[in-house]
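Under the working numbering, residues 420 to 682 are what the sequence shown spells out, in order.
Glycine included, C-beta positions come from ideal geometry on N, C-alpha and C.
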Amino acid sequence: MENLQLRTINVTRYIAPLREGGSLPALAEADDDFKYVLKFKGAGHGVKALIAELIGGEIARTLGLPVPELVFANLDEAFGRTEADEEIQDLLKGSQGLNLALHFLSGAINFDPVVTDVEAKLASQIVWLDSFITNVDRTFKNTNMLIWHKELWLIDHGACLYFHHSFTNWESHAMSPFALIKDHVLLPQASLIEEVNREFKAILTEEKLRAIVELIPDIWLQWEETEQSAEELRDIYLKFLKTRLHNSEIFIKEAQNARATFI
């Protein structure tokens, strides 16, 4: 069995809020002296956004796409007592314990499709990924990609896997064509989706998907709206991903049809 592990860091300093996102992430420093973009479980969509970030990011990494390192981030209960901003203080109080953070890419700039050309293979890989994980957030308005050391990096997968916000009828969500792919910023360049589909389906074995889902901490799977155990919820995530992968021709066809309207 694959054994994936994430490092765990302790947040030592809150540097500044990053107000671009709706969830108010922050730039923070940790006890390993590195800086991180910290995602809080006390923010809008709570632990589900962290689970989406974790699964989406680690699937991207497994597929060989550049994603900043993800780490579990402990927030001490004393943290934020000196914070003057009440909204941020409430966020920090509501996020004590285990959160998620991405390694901060110092000096990175936002990807601009007008300035940077993305070659067909990479564009197709990213479109395939976002179709698979139902990521609504890689549009012209909000590309969620950075250029760092002349390379394209993927960030912010917290809006993917949106089926879990209702968690009813996951089967129909898993089989959905994902019509929102029509808004994807890289869709016009994604001419090799079928080739990428063959390659990526070979990489994403059940063992690899299971190892990614097993990373979800039990503490993030104690939901008030369900009596299902952490193990049962993990199993639904795994079934969703396996079903979606097995039926990938549904979302591939949707992406190809949407792309045809650009050409």
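Check                                                                                                        : Outcome
Completely contained alpha helix (DSSP H) runs for the stretch 479-538, where each covers 4 or more residues : 505-512
Residue from Ser-595, Asp-495, Asp-531 whose Cα sits closest to the Cα of Val-604                            : Asp-531
Proximity to Leu-623 [Cα-Cα], best of Phe-459, His-464, Leu-548                                              : Leu-548
Presumed contact (8 angstroms Cβ cut-off) between Leu-443 and Pro-436, rounded CB distance                   : 6 angstroms
Candidates Ile-566, Met-594, Ile-600, of which the one nearest Pro-485 by Cα                                 : Ile-566
Best match in Lys-672, Ile-545, Cys-579, Asp-654 for proximity to Gly-483 [C-alpha to C-alpha]               : Ile-545
Three-way DSSP call (helix, strand, coil) for Ala-449 in this model                                          : strand
Rounded Cβ spacing between His-522 and Tyr-455 (contact assumed at less than 8 angstroms)                    : 6 angstroms
Short Cβ contact (8 angstroms threshold) for Leu-684 with Ser-514                                            : Absent from the model: residue 684. The displayed extent of the chain is 420 to 682, so no value can be given.
Ser-610 versus Asp-536 - alpha carbon distance                                                               : 14 angstroms
DSSP-derived helix/strand/coil call for Asn-588                                                              : coil
Given 8 angstroms, three or more beta-carbon pairs between the stretch 613-633 and the stretch 577-594       : no
Among Pro-607, Ile-507, Trp-589, nearest to Phe-459 - alpha-carbon criterion                                 : Ile-507
CA-to-CA distance, Ala-492 to Phe-559, given in whole angstroms                                              : 30 angstroms
Spatial distance of Arg-617 from Val-534 (CA atoms)                                                          : 30 angstroms
Under the three-state DSSP convention, the category Leu-628 falls into                                       : helix
Leu-657 vs Leu-628 beta-carbon contact at 8 angstroms                                                        : yes
Option nearest Lys-512 by Cα separation, candidates Tyr-433, Ser-667, Phe-597, Ala-593                       : Tyr-433
Rounded straight-line distance, which links the Cα of Asn-588 to that of Ala-471                             : 18 angstroms
Three-way DSSP call (helix, strand, coil) for Pro-683 in this model                                          : With the chain covering only 420 through 682, there is no way to say anything about residue 683.
Thr-662 - containing alpha helix (DSSP H), residue span                                                      : 649-665
Exposure of Gln-608, with buried meaning 16 or more beta-carbon neighbours within 10 Å                       : buried
Cβ-Cβ distance between Leu-606 and Phe-551 below 8 angstroms                                                 : no
Coarse secondary structure for Lys-458, derived from DSSP in three states                                    : strand
Endpoints, alpha helix (DSSP H) assigned at Ile-612                                                          : 612-622
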